Structures are given as structure tokens and as C-alpha cells.
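Numbering (mature numbering (1 follows the signal peptide of the UniProt record, and there is no 0)), first residue to last: -32 to -1, 1 to 168.
Single-structure report; data block below.
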Amino acid sequence: MNSKFWNGFNKKVTIFLSVAGTSLLMGLPVVAEVNTGTENGTASDEAIVESVTETPESTTAMSQQTIAEIAAGSDSFTTLTTALEVAGLTDTLSGEGPFTVFAPTDEAFAALPEGTLEQLLQPENRALLVEILTYHVVEGSVMSGDLSTTEVPSVEGRSINVTVDEGSVRVNSANVVQADIEASNGVIHVIDQVIIPPQM
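As C-alpha cells, then:
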């Protein structure tokens, strides 16, 4: 791992997170309305929901696809799909599972400090990219209705802080803008920030 890069990255992320503050996380079933545009949601959240939520027929079709296939077929996850390929994790998320993936949108990756994403996609930083991506994955298929305020161990090894409050869910500092996208090997919850493992 490039320690010089990581020191700079860590400093940038610390600044970024301090500016971002504590964000509210919306986690609602895929078939339900998502609270956007007034209190916790934004217009971009609505666009993300439209991008991955279709008709009952398409929802059924998605449930027959793997997590990796759903991500690859969505306009909201082009960066995530690229990152999975670079990290060598596409086959893993195409496997039997089951997995729960907190999937950052393209906008979430774009909100990282300038130059961070480009550096993470470099071959010499593959190990760091794997750590970050697997921190977004939990073993088992966990639907939003099964979430409670607790710490959940990620595949990466460190825990994710889940907070449930009056119908909203916070995963570390990320907002879930859509939940319960069912795949053949698990479930996807869409989030609007890239979550960084603590003490990296």
C-alpha cells in the first residue's frame, strides 16, 4: 500500500467527513415511497430511485440477477461496477452469497475528495480499494425491516454502525436512499456516501 497516498487520503477524508457532518439515512422498502425533497431527501435521491426502481415485472427480473449484475445494469452504479472490477470482486458478488451490500451511487464516489477515486483505482492501491469495498458488504441477506440500532460486522472485518430512528436508517454517516433491492444472491441498499472503515 502506498503510505504517502494513504496519509494524504486519510487527511482529505477526515476533512470531508467533518464538513459532511452527520447525515440522515433513509432506508425504506423498494416498493414503498422514499421520503425525498422535503426533510431528509433530495432531488438527486429521487433520480437514483427512478434509476433502479422499475415495474413489478422488472423487480422480479432483478431478483433473478446477482448483485454484480444488478449493479452493472444500473446507471447509478457505473463507478461501483468499475471499482469492483479493478478490485477483483465482481466474481465474488456474482457468487452464491448471500450478501448484503450498501452500494454507493456514482454521486457518492464523486463526492470523495478530489483525486481520491482516481488514486484508489490505481493498481498499486488495489489492497486499499478492496478494504473499502468489502467494508460495504455484510454476510447474509438483511432486509431493511430486519435492521436495528447496532454494530454489524462487515466482510472487511470492522463493524458498520447502523442506527434506526423512526423509519430512517443511518449506516455510519451515509443515507440509504433506497432499500431492499433483492438479488438472487442477496440484497442491495443504496447509499449516498462512500463509508470509510474507522482507523484506517
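Ideal placement from N, C-alpha and C gives every residue a C-beta, glycine not left out.
All figures in this text were calculated on a predicted structure; none of them were measured in a lab.
Check, Outcome
"Sequence-distant residues of the same chain with beta carbon closer than 6 Å to residue 98, five excluded per side", "55"
"Classification of residue 117 by the beta-carbon crowding that lies within 10 angstroms, buried from 16 upward", "exposed"
"Residue 39, DSSP secondary structure in three states", "helix"
"Any 3 or more C-beta pairs closer than 8 Å across the stretch 82 to 93 and the stretch 128 to 137", "no"
"Residues bridged to residue 157 (per DSSP)", "70"
"Simplified DSSP assignment, three categories, for residue 95", "helix"
"Any 3 or more C-beta pairs closer than 8 Å across the stretch 66 to 74 and the stretch 41 to 48", "yes"
"Burial state of residue 113, where buried means 16 or more other Cβ atoms lie within 10 Å", "exposed"
"CA-to-CA distance, residue 119 to residue 144, given in whole angstroms", "16 Å"
"Environment of residue 134 [buried if 16+ CB atoms lie within 10 Å]", "exposed"
"Closest by C-alpha distance to residue 176, when choosing among 92, 32, 142, 79", "For the chain, the structure presents residues -32 to 168; residue 176 sits outside this window and is missing."
"Strand pairing of residue 106, partner residues [DSSP]", "68"
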